DNA sequence: GTGGCCGTGAAACCTTTGTTTCAGGGAACC
DNA sequence: GGTTCCCTGAAACAAAGGTTTCACGGCCAC
C-alpha cells in the first residue's frame, strides 16, 4: 500500500501533460489537499473533472473517496505536516544546521518591532534616492536587496561600482536620501568612518550587521542586527536574505499605501511576476 | 466579521440540544474541521443534516460553503506553528514573515537526508573543478556560494563571466567536474537545455531550484529543492542562502576528512577567519 | 491521404451533499 | 384537554460532486 506522493512520483513519468499539471498542483499544495474536492482540484489546477478522475484511477485509487479516506487517515495518525518535529529529533548535520538557523531567524525577527520596520520601509519608499553599500561577503546580500528594491521604487543604486571609489558615490547624498549599509563580519575597516561621515551629514542609514558589532549600530538611524551564526567556519546569511525580502516587501506595500504615483507600475509588476512565474507554456 | 469559534461561543447559550451537540463536536475537532463536509459532520456528531444546516444559518453563515471558505482562508493565512511561541502571538508583518520562513526552511531541510548531502559535498570536495552557474535572481546566491566554496577548495568558477557566453564556459567540463546550477523562478529559458546537455555529457550537476520546477529536478544528479515562498510579491532567498552555507560547511569537512593535502591551507583559513573576526584592535 | 492511436473536455449520467418543507412530538401554559 | 411553541429528523428537493461516454483534434506510421 503506497501513499499518494509515492504513487505520484512513481507514475509521474507516464502521466499525460494535463494529468501532470494536476499532479504538480497536488504536490505544490499537498498540505491543503484534504480541503479540496475533486471539482475544486480540477478548477484550480486548470484541468477538467474527467482528467482528475482518470488521474486517480491511474494511480490505483478506486475513486476520489478512497483518496480522501487515505489523506484523512494519514492526517489523524499524526503526520507532522509543516512543523519541526521531522527535524528536531535527529542529530544529523542538516538537523543541527536547521536548529541553528531557527535560532538565527528568531533572534533576527523577534527583536524587530513592526513600527520600526514600518518607519524604515516608509523612509526607503519615499527617499529621493537609495544607495546600497555592501562589500565582500555583504555584497551578495546588497546585490539581492537592490534587485528587489529596484522593482518597488526607482533610483536604487549599488556602491561601489567597479572602477569607482566609494567617496565619489557618496558626494551627492542628502538627508532626503537613504543609505543601506550591509556590513557583516570581516568587513572593511572603513565602515565606521563611513557611518560617522553619513551621520554627520544627517543622511539616514539603515544598517545590516551582525549583532555583536555594537560599535556600528550606534551610528545608524535604523540598525538591524542579523545573526550569522552557523555550525562551522562559514557564516550563514539566511537571516540576512530573509530580512532583505521582508524589507523589500514592506517597501512595496508602503509604496502602495503612500503614493498613487507608482501604483500602475506596481500592478504591472505584479502582473509581470505572475506572468513570468510559469515560464514555459 | 467574526470567526467560527467566536460565533460558536457567542451563540452557545441559545443553541438547542442537538445543535449544541454539533457545536461540541466542532470545538473538539476544530483543526480537522476543514476535512469534513456537512453530511459527515452530521453523521459523526450524531445529529441530522438539517440540524447542521440550521446551525450554520443561525451562526450567521449563508451556507456551508461560506464556512468552508472561511476555514480555508484562516488556514492559509498563518497557522500557528509549533516552535513559534516567541512570535506567534503577534499578527504583525515580521511575525507572519517569520512563520513563512520557518515553513520554507523546514521544507528545504526536512527533505534533505544526510547521506545525499554528504555525497554531494564529497563530490564538490573532490571534483576537478567546480563551476557555479546562477543568473538574474539566482546570481547573488551563486556569488555567495562561490565566495564560501573557494575558501574550502580551489578551482571554483562562476559563470557566465561578463563578456563571456555560457557556452564558452562549458566546453572543458568533464565527468570529473561538478556543476552547481542555481536557477530560481523567472530563470532564463536556456536552463533546461543546459541541464540536458550536461546530463548527456555526464557532467554531474547539483541543482538549486524551487520545488515546483519538477521539469528541472529530473535532469540533475543532486537536486536540492529550495522553497522561496514569501508573504508578498518578492521571494525570500533565506533558505537558499542557508543551504549554501550548509553545503560550504559540509564541503569543508569533507575536504578535511578526505585529503591531508589541503589541511594546512584549511587551518590557515581558520586562523585567517579568526583573525579577521575582530578587525579593530 | 488514410488509418489508427491517444489525450482531452463537453455533455450526459448517476451519486452525494446541502437545504427546505413538513409532520410528529414533547413541554409549557392557559 | 387544548393550544401554542419549538425542536427534530424523514422526506423531498435542488445543487453540487464525481464518473462515464463520446466526439473532436492532434500526432505518428504507413
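Protein chains in written order, with the numbering used here: chain Y, 19 to 299; chain X, 19 to 299.
In this text, a Cβ means the ideal position worked out from N, Cα and C, and glycines have one as well.
Since the structure is predicted, the reported quantities are computational estimates derived from the model, not experimental observations.
The secondary-structure analysis by DSSP pairs residue 242/X across a beta bridge with 226/X. Boundaries of the beta strand (DSSP E) harbouring residue 152/Y: 148-152, taken from the DSSP string.
The Cβ atoms of residue 256/X and residue 260/Y lie closer than 7 Å to each other. Taking 9 Å as the cut-off between beta carbons, the residues of the region 215-240 of chain X near chain Y are 229, 230, 232, 233, 236, in sequence order. By the criterion of a C-beta distance shorter than 8 Å, residue 20/Y is surrounded in its chain by 28, 78, once the five residues flanking it on both sides are discounted.
With the criterion set as a beta carbon lying under 8 Å from some beta carbon of chain Y, the region 176-187 of chain X has no members that meet it. CA-CA distance, residue 118/Y to residue 247/Y, rounds to 7 Å.
Collapsing the DSSP output to three states places residue 171/X in coil. Spatial neighbours of residue 243/Y in its own chain (CB-CB distance under 6 Å, excluding positions within 5 residues in sequence) are listed in chain order as 229. No residue range can be given for residue 189/X, since it is assigned to no alpha helix (DSSP H) and is classified by DSSP as neither H nor E. Considering only 206/X, 164/X, 235/X, the residue with the shortest C-alpha distance to residue 265/X is 164/X.
In the DSSP assignment, residue 200/Y falls within the beta strand (DSSP E) that extends over 196-200. In the DSSP annotation of this structure, residue 47/Y is not part of any alpha helix (DSSP H), being labelled neither H nor E.
Apart from sequence neighbours up to five positions away, the residues of its chain that approach residue 44/Y with a beta-carbon distance below 7 Å are 26, 51, ordered along the chain. With respect to residue 227/Y, residue 234/Y sits close: the two C-beta atoms are nearer than 7 Å. When the Cα atoms are used, residue 169/X and residue 56/Y turn out to be separated by approximately 52 Å.
Residue 177/X has 151/X as its beta-bridge partners, per DSSP.
Membership of residue 54/Y in any alpha helix (DSSP H) is not indicated, and neither H nor E is assigned to it by DSSP.
Short of 6 Å from the beta carbon of residue 139/X, and not among the five residues preceding or following it, lie these beta carbons of its own chain, in chain order: 268, 269, 272. The three-state secondary structure of residue 263/Y, taken from DSSP, is helix. For the pair residue 175/X and residue 149/X, the CB atoms are nearer than the 7 Å cut-off. For the pair residue 112/Y and residue 130/X, the CB atoms are nearer than the 7 Å cut-off. Cβ-Cβ separation between residue 263/Y and residue 166/Y: approximately 7 Å, consistent with a contact (criterion under 8 Å). Taking the CA atoms as reference points, residue 40/X sits about 18 Å from residue 88/X. With its beta carbon less than 7 Å from one in chain Y, residue 115/X belongs to the interface. In terms of Cα proximity to residue 76/X, the closest of 33/X, 121/X, 224/X is 33/X.
The contact set of residue 202/Y on chain X, defined by CB atoms closer than 7 Å, is empty, because the minimum CB distance reaches about 11 Å. Between residue 21/Y and chain X, the shortest Cβ-Cβ separation is not below 7 Å.
Ranking 156/X, 54/X, 177/X, 53/X by CA distance to the CA of residue 203/X puts 156/X first.
Restricting attention to 110/Y, 81/Y, 180/Y, 198/Y, the CA atom closest to the CA of residue 162/Y is found in 198/Y. Of the residues assessed, residue 123/Y falls on the buried side of the cut-off, its CB having 16 or more other CB atoms within 10 angstroms. With 16 or more other CB atoms across the displayed protein chains lying within 10 angstroms of its CB, residue 38/Y is buried. Going by DSSP, residue 216/X is part of the alpha helix (DSSP H) stretching over 209-218.
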